[in-house]
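Step one of this worksheet: look at the structure below.
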Amino acid sequence: MTEQELFELAIGARGRSYAPYSGFTVGAALLCTDGTVFTGSNIENASYPMGMCAERTAIFKAASEGKRSFCMIAVAGGPAGSGRTACCPPCGACRQVMREFAGPDFIILFSDGGGGFAKRTLKELLPDDFGPESLS
Ligand code: THU
Numbered sequence: 075m076t077e078q079e080l081f082e083l084a085i086g087a088r089g090r091s092y093a094p095y096s097g098f099t100v101g102a103a104l105l106c107t108d109g110t111v112f113t114g115s116n117i118e119n120a121s122y123p124m125g126m127c128a129e130r131t132a133i134f135k136a137a138s139e140g141k142r143s144f145c146m147i148a149v150a151g152g153p154a155g156s157g158r159t160a161c162c163p164p165c166g167a168c169r170q171v172m173r174e175f176a177g178p179d180f181i182i183l184f185s186d187g188g189g190g191f192a193k194r195t196l197k198e199l200l201p202d203d204f205g206p207e208s209l210s
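The opening residue of the sequence shown carries number 75 in my numbering; numbering runs sequentially from there.
Right, here's the structure in full:
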């Protein structure tokens, strides 16, 4: 699975977003270390705070299927009804959820607003992190 292939799966997942309130559709594709991929999209709700981001949808789908080890996630987002992607780095809550199951070298690809994707590590996006070991 190449980075480009994972990003294209995120674009495909974006098509399954439910975002009638924000009008901003997001898709994610999560690559597990065993090679399996889980996709997710943002799912909004009439009670606005109950909505869920695409990244956490994908991570919770994977975790609830027993996966605990992830190596890369791709995220693609932009205005609904448009093929265009915007710059869409993961929100802070999603970064923290990634941290639960991923180490500092976990790779995050996100649409860069120019038709391609940017590449970061979790350590870059979440420095001075609080993780499971912080509780011991
Ligand atoms: N959203 C995501 O799905 N992932 C992010 O990392 C940023 C924001 C969603 C949440 C909401 O449904 C919409 O984008 C607008 O904020």
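Even glycine gets a Cβ: it sits at the ideal position worked out from N, Cα and C.
Integer Cβ distance of residue i from residue j, believed to fall under 8 Å
i: Arg173; j: Gly140; result: At roughly 19 Å, the Cβ-Cβ gap does not stay under 8 Å, so Arg173 and Gly140 are not in contact.
i: Phe180; j: Thr195; result: 7 Å
i: Ala176; j: Phe184; result: Contact doesn't hold; Cβ gap of about 15 Å is too wide.
i: Leu105; j: Met146; result: 4 Å
CA-to-CA distance, residue j to residue i, given in whole angstroms
i: Asp108; j: Ser143; result: 8 Å
i: Ala102; j: Lys135; result: 11 Å
i: Ser208; j: Tyr95; result: 37 Å
i: Gly189; j: Gly125; result: 26 Å
i: Arg130; j: Val111; result: 14 Å
i: Ala87; j: Thr99; result: 9 Å
i: Gly187; j: Ser210; result: 40 Å
i: Asp202; j: Gln170; result: 11 Å
i: Pro178; j: Ser138; result: 22 Å
Residue i (DSSP reduced to helix, strand or coil)
i: Pro249; result: Nothing about residue 249 can be read from this structure; the chain reaches only from 75 to 210.
i: Arg130; result: helix
i: Ala120; result: coil
i: Lys197; result: helix
Short Cβ contact (7 Å threshold) for residue i with residue j
i: Ser235; j: Asn119; result: The first residue shown for the chain is 75 and the last is 210, placing residue 235 beyond what the model contains.
i: Ala154; j: Gly97; result: yes
i: Leu80; j: Ala150; result: no
i: Ala132; j: Gly157; result: no
i: Cys127; j: Cys162; result: no
Status (buried if at least 16 other CB within 10 Å, exposed otherwise) for residue i
i: Gly152; result: buried
i: Thr76; result: exposed
Proximity test, residue i beta-carbon vs the ligand FAD heavy atom, cut-off 6 Å
i: Cys145; result: This structure lacks the ligand FAD; the ligands present are the ligand THU.
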